[in-house]
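Protein chains in written order, with my numbering: chain R, 133 to 791; chain G, 133 to 791. In this text, a Cβ means the ideal position worked out from N, Cα and C, and glycines have one as well. If you're wondering where the values come from, they're calculated on a predicted model, not measured in any experiment.
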């Protein structure tokens, strides 16, 4: 199957030198990758094959890799000193050289041979992608085809995996977990001999691009694989089982990073079954991984998914904090808790999870989702960097001087070393990798932002557009407008004022206002004739009290609560007047009409690029824009009709709302 | 796998004779079945093996089969002349003898050796069961295990099929279609050599119990099996394909009855694709079946399943009539149109389909569903004979002096010979055949009612209870109460005043008030703050005009419309006062509280039988009653909460309705 090169499509540029010479200071798998990439890039951009020998210094453009012994750059940082004739990439290690090289190629493609100096050290130690790939080849919440790691309960090792590694290395990813956190069926056997050979091959490919390989494991493996009658993490036989498996994996799989664990969550097994804590479970695994420098990534997505809708006191939003806060400081140094950005589940709009800033003595990793499970599933454009920007900038008021989420997950706030950011990724075996061609901006953007949390969404978008579609100003202008308006538009037609979950159950796509309202998932909007929203104040579920002051009070008072989260925190009458001067019901009507119009506008902006974008890519995206326009209108009508029927309040502007 | 004997469980009775003699006038497969059944029954009831030779006349109880040559009884009628010593079964054919014998056994078990005379000629020529069994073994809308006809794309021929044939013959069934009307995958090949051998075996088993074998066919078979590029029923190659297949089937499968066809319905192929009518399609098949005495059963379940919910003029209820009424008189004599009892789809409450009484010059068959797809799925008790009684008694005002549905489908009203009743059946390979032990009353009842449409639901229930659970008066009293209260109770907690479809989409089980409200299936309730219901009057969709007067006017006026159908025909304000003096909203609240209480009461009535019913059967049904009680409470709460939230009207009685 053919596939695109995404943003690594090296096209001819104007200021091509006649020759390129490269000096690499050492050999090794990463150095080899660097060399291959430079050949590919120089041939694509310049029609020139670089030389790697002593004649390098006679070339019109020299690219010199220099190892810096000071330690200032760590393993991953770099400095670039560039002039039109010579580019020095100074780094402390091979990964720094790799990242520096990709940065150099990006600059050469976007701006040409210029004089500049850049210094960059990654903000986050861990910059990770989680694949929810199943061994049968399906991808849970995957919207871009099938897995390129697994098919029919076997691993596949192909050139595509190498190209994938190149792509994600180019944006600074240094850890990838290749299998679904829900470890079902034969997936549990990934930690056994059965998959050893292809696993080693994938690990070696990853190693050549500076990526550690991670696997999701099933906490019940001692019973399921080991034939034991328990998986109690404190049981000696269970411990022996894990020691053997973990030693085996780290000893025999090169470049192995560790494990991701979803335990006691949505039906997955975990330590609770044995009266043990999450710390008991995670630390046991960590104990055996530690001698190998291995990491245990433990997910905090733990809640009661058997809630009674009648119960207005239980609050899923509370559960992550309630389950983990009491264990702050109990987790081993090589355990990282993986916390979703918000307390619910990757909704279009949520407050920041109160565990950020709550658990000051625990290694934390911010988990986001670029697979767009709840944000249009790669059929609607929804550029997520503005959302992630907001999350990273969120001040937690946890006590440190610099205590934003970015400060915390980088380790700066509380001195952690094992921490960072992870995204549930959005790739599959579709021709264009990400279903929607514009969804690649989320993959690219996540990597860039995780590497440098100071970047603006616009800056990232600008780079991605240039690398993907070239430097035509009209393309740049229109695609930039599309990307930057896309998340706000999606929010407008799907999620007014912080109310999410008005979606079709299970598939999580398309409008269904009451789809989850009477279900067991803890995801309610409580709409009635008079109003809508969930009271999470101390008089309600008390979720606001999980935040420190001044946040707790800010959220608890409708007058100070950020309006984009008003209905997340409060049950409000439709007649409540917002700062805009509109009532809530009028805001709902207006935003739904606006959002649908904006979807149509995005389609129009794309259609203006018909002759400026590669035809296949144009056609692929056009079909999705057409769907989005139609589907946004469906959202508009269903939501407006629902709220008109229940509130019986007319639209002030007299627009068509169906009976 | 073991399984129960359902109502053919011959237990010892009190007035056992010391010997039984049987005289059968002729031999043949049916006579052999009669002999086997009598042996089984006499051994079970009396501990005596009957003799079939000349010494029969020396027995204490003589059973004599006498062929009546007058023709008065047809092939299926019989007269029984019984005294404590001698029972004469006088019949015109072997099937009459078979049915007479089962009737005799029923009387012997329920009432003992008494003096009586009964004469019975079946009301309906066709008394059929449709299995929606798929070849992989699953059953579409099946709630009692897997198929006992198919497994893993093969047919299975087992003793269970013979016992099934006994069971359904004992209630007078004379036609069975064994495969799903949605003919997918290899099921299309049932009409080829591939399944010939087991098909012949099943056909022979059926023949021994007077049952004609039918198959569902795929209208696109000429393309799918014949390699043609069209399935146009007027194409000569297509006609040649069907002639060959149909000749082959009737020639080589003994006792073959014909075909059931679902065409141009819910995505199934049909003549519309070629600009042909249903009559074109059905008559073509009928032409080739006619020389063999074969029958084509053509389903009228045709509607637009891609409706836009915004469209308030299109009405699924209209579609069957609109699609077929113009073709009255066009169908061949050996075509039967199979019409669901109501215009929607087996809901808890619907008006009678206007095609009954509409198509006076066409052979019609009434289709009902005992599989309880929308009436509790054999987890809730819902005894359907009261519903069927009402349908049969419905006066169509079509012109004939006697023009009830029973008059029409029996052929009495308009002189049809090919007509009758069919049920989508409720059996599977569960131990007790029907999932819920009490669901067997629907299978038993359907057969009895189709054979004699004058029977009352109570009479049928009384017989079934006695044959299944014995003659203990407490068992009889409690089970009778459960059965007779079950359909009204289910209606109370699920379907107020003719509004159905407030169910979870796809699975059709459990409450979801808005589950279908914005979907494409044409199944809406249009509830808003002020009222609920669908305006099907001439000012609305005009569906009422499909009925003749006085029905059209009766339904069109809320003052005369039967209240149990008020919201089916009218959009009414919640404040509308019913004849009971209650408002509609209060009626909704009251019936939901009542319905849930009645579910609990049914459980209690069953629990009183703990020591009186066979323990395994007691336990099986108890678990289902417990579920029903809980699930009815869930229905009560979700529906009441929904209507309270939207109407904002309080329950007059101040009962708990959740916010």
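Hey, which unbroken runs of the alpha helix (DSSP H) at 4 residues or more fall wholly within the region 707–785 of chain G?
716–739, 747–779
Cβ pair residue 299 of chain G, residue 553 of chain G closer than 9 angstroms:
As a first step, residue 299 of chain G is located in the second chain; it is residue number 167 there, counting from the start. As a first step, residue 553 of chain G is located in the second chain; it is residue number 421 there, counting from the start. Result no, Cβ atoms of residue 299 of chain G and residue 553 of chain G do not sit closer than 9 angstroms.
For residue 248 of chain R, count neighbouring C-beta atoms within 10 Å of its own C-beta (all shown protein chains included) and say buried if the count is 16 or more, exposed if not.
Translated into the one-based positions of the first chain, residue 248 of chain R becomes position 116. Residue 248 of chain R should be labelled exposed.
Going straight from the alpha carbon of residue 777 of chain R to that of residue 443 of chain R, what length do you get?
Residue 777 of chain R sits at position 645 when you count from the first residue of the first chain. Residue 443 of chain R sits at position 311 when you count from the first residue of the first chain. The alpha-carbon atoms of residue 777 of chain R and residue 443 of chain R are separated by roughly 25 angstroms.
Where residue 618 of chain R falls: helix, strand or coil (DSSP)
As a working mapping, residue 618 of chain R is identified with position 486 in the first chain. Helix, per DSSP.
Alpha carbons only, please: which of G:194, G:224, G:151, G:560 is nearest the one belonging to residue 215 of chain G?
Position 83 of the second chain holds residue 215 of chain G. The candidate whose alpha carbon is nearest that of residue 215 of chain G is G:194.
Taking the alpha-carbon positions, what's the residue 432 of chain R to residue 521 of chain R distance?
Translated into positions along the first chain, residue 432 of chain R becomes position 300. Translated into positions along the first chain, residue 521 of chain R becomes position 389. Residue 432 of chain R and residue 521 of chain R: Cα-Cα distance of roughly 22 angstroms.
Can you pull the DSSP bridge partners for residue 307 of chain R?
Numbered from its first residue, the first chain carries residue 307 of chain R at position 175. Residue 307 of chain R is bridged to R:260, R:344.
Assuming contact is defined by CB atoms lying nearer than 9 angstroms, are residue 767 of chain G and residue 702 of chain G in contact in what I supplied?
Here the question's residue 767 of chain G lines up with position 635 in the second chain. Here the question's residue 702 of chain G lines up with position 570 in the second chain. Result no, Cβ atoms of residue 767 of chain G and residue 702 of chain G do not sit closer than 9 angstroms.
At least 3 beta-carbon pairs within less than 8 angstroms: the region 507–527 of chain G vs the region 760–775 of chain G
yes
For residue 147 of chain G, which of helix, strand or coil comes out of DSSP?
For the purposes of this step, residue 147 of chain G is taken as residue 15 along the second chain, with counting starting at 1. In this structure, residue 147 of chain G counts as coil in the three-state DSSP scheme.
Against chain R, does residue 778 of chain G count as a neighbour if the rule is that its beta carbon must be under 9 angstroms from one of theirs?
Translated into the one-based positions of the second chain, residue 778 of chain G becomes position 646. Taking Cβ atoms only, chain R reaches closer than 9 angstroms to residue 778 of chain G, which makes this a yes.
Just reading off the alpha helix (DSSP H) that residue 374 of chain R is part of, what are its end residues?
Here residue 374 of chain R refers to the residue found at position 242 of the first chain. Its alpha helix (DSSP H) spans residues 368–384.
Of all Cβ atoms in chain G, is any one closer than 9 angstroms to the Cβ of residue 758 of chain R?
In the first chain, counting from the first residue as 1, residue 758 of chain R sits at position 626. Between residue 758 of chain R and chain G, the shortest Cβ-Cβ separation is not below 9 angstroms.
Would you call the CB atoms of residue 687 of chain G and residue 483 of chain G closer than 9 angstroms?
By 1-based counting over the second chain, the position of residue 687 of chain G is 555. By 1-based counting over the second chain, the position of residue 483 of chain G is 351. Against a cut-off of 9 angstroms, the Cβ pair of residue 483 of chain G and residue 687 of chain G comes out as a contact.
So, are the CB atoms of residue 604 of chain G and residue 744 of chain G less than 9 angstroms apart?
Working through the second chain from its first residue, we reach residue 604 of chain G at position 472. Working through the second chain from its first residue, we reach residue 744 of chain G at position 612. Cβ atoms of residue 604 of chain G and residue 744 of chain G: closer than 9 angstroms.
At which residue ranges does the region 587–664 of chain R contain complete beta strand (DSSP E) runs of 3 or more residues, listed in the order of the chain?
none
Please name the residues in the region 662–680 of chain G whose beta-carbon is closer than 8 angstroms to at least one beta-carbon of chain R, in chain order.
662
Judging by CA-CA distance, which residue of G:305, G:757, G:730, G:705 is the nearest neighbour of residue 779 of chain G?
Taking the second chain and counting its residues from 1, one reaches residue 779 of chain G at position 647. Closest by alpha carbon: G:705.
Mapping DSSP to helix, strand and coil, what is residue 236 of chain G?
Counting from one through the second chain, the residue named residue 236 of chain G turns up at place 104. Reduced to three states, the DSSP call for residue 236 of chain G is helix.
Rounded C-beta distance between residue 256 of chain G and residue 542 of chain G? I'm assuming under 8 angstroms.
By one-based count along the second chain, residue 256 of chain G stands at place 124. By one-based count along the second chain, residue 542 of chain G stands at place 410. So it is a contact: roughly 5 angstroms between Cβ atoms.
Beta-carbon neighbours of residue 659 of chain G, restricted to chain R and to distances below 8 angstroms:
Taking the second chain and counting its residues from 1, the one referred to as residue 659 of chain G is at position 527. Per Cβ cutoff of 8 angstroms: 777.
In angstroms with no decimal places, state the Cα-to-Cα distance between residue 156 of chain G and residue 225 of chain G.
Locating residue 156 of chain G in the second chain gives position 24, counting from the first residue. Locating residue 225 of chain G in the second chain gives position 93, counting from the first residue. One alpha carbon belongs to residue 156 of chain G, the other to residue 225 of chain G, and they sit about 12 angstroms apart.
Simplified DSSP assignment, three categories, for residue 219 of chain R
Taking the first residue of the first chain as position 1, residue 219 of chain R is located at position 87. If DSSP states are grouped into helix, strand and coil, residue 219 of chain R belongs with the strands.
Please decide whether residue 655 of chain R counts as near chain G, where near means a Cβ-Cβ distance under 9 angstroms.
Within the first chain, numbered from 1, the residue matching residue 655 of chain R stands at position 523. With 9 angstroms as the cut-off, residue 655 of chain R does not count as an interface residue toward chain G.
Cβ-based burial, residue 266 of chain R [other Cβ within 10 Å; buried from 16]:
Reading the first chain from its first residue, position 134 is the one you call residue 266 of chain R. It is buried - the Cβ of residue 266 of chain R has at least 16 other Cβ atoms within 10 Å.
With a cut-off of 9 angstroms, does the C-beta of residue 444 of chain G fall near any C-beta of chain R?
Numbered from 1 along the second chain, position 312 holds the residue referred to as residue 444 of chain G. Output row for residue 444 of chain G: interface = yes.
So, for residue 333 of chain R: in the same chain, excluding its five sequence neighbours on each side, which residues have a beta-carbon less than 6 angstroms away from its beta-carbon?
Counting from one through the first chain, the residue named residue 333 of chain R turns up at place 201. The answer, listed in chain order, is 289.
In angstroms with no decimal places, state the Cα-to-Cα distance between residue 218 of chain G and residue 196 of chain G.
Numbered from its first residue, the second chain carries residue 218 of chain G at position 86. Numbered from its first residue, the second chain carries residue 196 of chain G at position 64. Computed Cα separation, rounded: 8 angstroms.
Strictly by DSSP, which residues pair up with residue 286 of chain G?
As a working note, residue 286 of chain G is residue 154 in the second chain. Bridge partners of residue 286 of chain G: G:283.
For residue 389 of chain G, which of helix, strand or coil comes out of DSSP?
Along the second chain, read from residue 1 onward, the residue named residue 389 of chain G stands at position 257. Strand at residue 389 of chain G.
According to DSSP, which residues form a beta bridge with residue 552 of chain G?
If you number the second chain from 1, residue 552 of chain G lands on position 420. For residue 552 of chain G, which the question treats as bridged, DSSP gives the partners G:258, G:497.
What does the alpha-carbon distance come out to for the pair residue 319 of chain G and residue 345 of chain G?
Start at 1 with the first residue of the second chain, and residue 319 of chain G comes out as number 187. Start at 1 with the first residue of the second chain, and residue 345 of chain G comes out as number 213. One C-alpha to the other measures close to 15 angstroms.
Using a C-beta to C-beta distance shorter than 8 angstroms, which residues of chain R count as neighbours of residue 769 of chain G?
Sequence index remark: in the second chain, residue 769 of chain G carries index 637 (1-based). Annotation: Cβ neighbours of residue 769 of chain G in chain R (cutoff 8 angstroms, chain order): 442.
Proximity to residue 715 of chain R [Cα-Cα], best of R:782, R:367, R:746:
As a working mapping, residue 715 of chain R is identified with position 583 in the first chain. Residue R:782 is the option with its Cα nearest to residue 715 of chain R.
Secondary structure at residue 705 of chain G, three-state DSSP: helix, strand or coil?
As a working mapping, residue 705 of chain G is identified with position 573 in the second chain. Strand, per DSSP.
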